[in-house]
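Numbering (the working numbering), first residue to last: 486 to 602.
Here a beta-carbon is modelled for each residue, glycine too, at the ideal position from N, C-alpha and C.
As the structure is a prediction and not an experimental result, all values here were calculated from the model.
Scroll down for the structure; my scribbles are underneath it.
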């Protein structure tokens, strides 16, 4: 089977980052997962798909999106994880990536009657 990652996995980056503060998580693994989650948002609309698939060549890290997985469900897990990574590491890149995601939500999912779709 082809390797894949569901968007909900992005919560794990925050959990591992929080755990690292208490000696039970892995901050380096949290960063790697966080970076992959940021890459999931590298789409024309700036919104992540529900699932990404990875090319299985060992020399390729490219991901791709199948049509059936291209929908975005407004999940907050990634931004929450990026917030924790920013607070724990002090690295501004995490906050900047979270803000970019928020801006994409505002631009592409906000409805005129209020709320998001």
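Output needed for residue i: all residues of its chain with C-beta closer than 6 Å, excluding positions within five of it in sequence on either side, in chain order.
{"i": "residue 563", "result": "495, 522"}
{"i": "residue 490", "result": "537"}
{"i": "residue 492", "result": "533, 535, 560"}
Taking DSSP's pairing of strands, which residues face residue i in a bridge?
{"i": "residue 536", "result": "491"}
{"i": "residue 526", "result": "Beta-bridge pairing links residue 526 to no other residue."}
{"i": "residue 592", "result": "Answer is none; residue 592 lacks a bridge partner."}
By Cβ distance below 8 Å, which residues in the same chain neighbour residue i in space, the five residues on each side in sequence not counted?
{"i": "residue 585", "result": "526, 531"}
{"i": "residue 576", "result": "570"}
{"i": "residue 541", "result": "487, 488"}
Counting along the chain, where does the alpha helix (DSSP H) carrying residue i start and finish?
{"i": "residue 601", "result": "That residue, residue 601, is in no alpha helix (DSSP H); it is neither H nor E in DSSP."}
{"i": "residue 551", "result": "Where residue 551 is concerned, there is no enclosing alpha helix (DSSP H), given that its DSSP letter is neither H nor E."}
{"i": "residue 564", "result": "562 to 574"}
{"i": "residue 509", "result": "Per DSSP, residue 509 belongs to no alpha helix (DSSP H) and is neither H nor E."}
Just to confirm my understanding: we take residue i, look at its own chain, exclude 5 residues before and 5 after, and list those with CB closer than 7 Å. What are they?
{"i": "residue 503", "result": "510, 569"}
{"i": "residue 515", "result": "498, 501, 502, 505, 570"}
{"i": "residue 596", "result": "602"}
Quick test of your reading: residue i and residue j, contact by CB under 8 Å. State the CB separation rounded to the nearest angstrom.
{"i": "residue 538", "j": "residue 548", "result": "6 Å"}
{"i": "residue 518", "j": "residue 534", "result": "At roughly 16 Å, the Cβ-Cβ gap does not stay under 8 Å, so residue 518 and residue 534 are not in contact."}
{"i": "residue 432", "j": "residue 582", "result": "Residue 432 is absent from the model: the chain starts at 486 and stops at 602."}
Inspect the beta-carbon positions of residue i and residue j and report whether they are closer than 9 Å.
{"i": "residue 559", "j": "residue 528", "result": "no"}
{"i": "residue 580", "j": "residue 571", "result": "yes"}
{"i": "residue 487", "j": "residue 501", "result": "no"}
Could you tell me whether the Cβ of residue i comes closer than 9 Å to any Cβ of chain E?
{"i": "residue 507", "result": "The structure shown contains no chain E; it holds only a single protein chain."}
With respect to 8 Å, is the separation between the Cβ of residue i and the closest non-hydrogen atom of the ligand ATP below this value?
{"i": "residue 584", "result": "Within the structure as shown, the ligand ATP is missing, as the structure has no ligands at all."}
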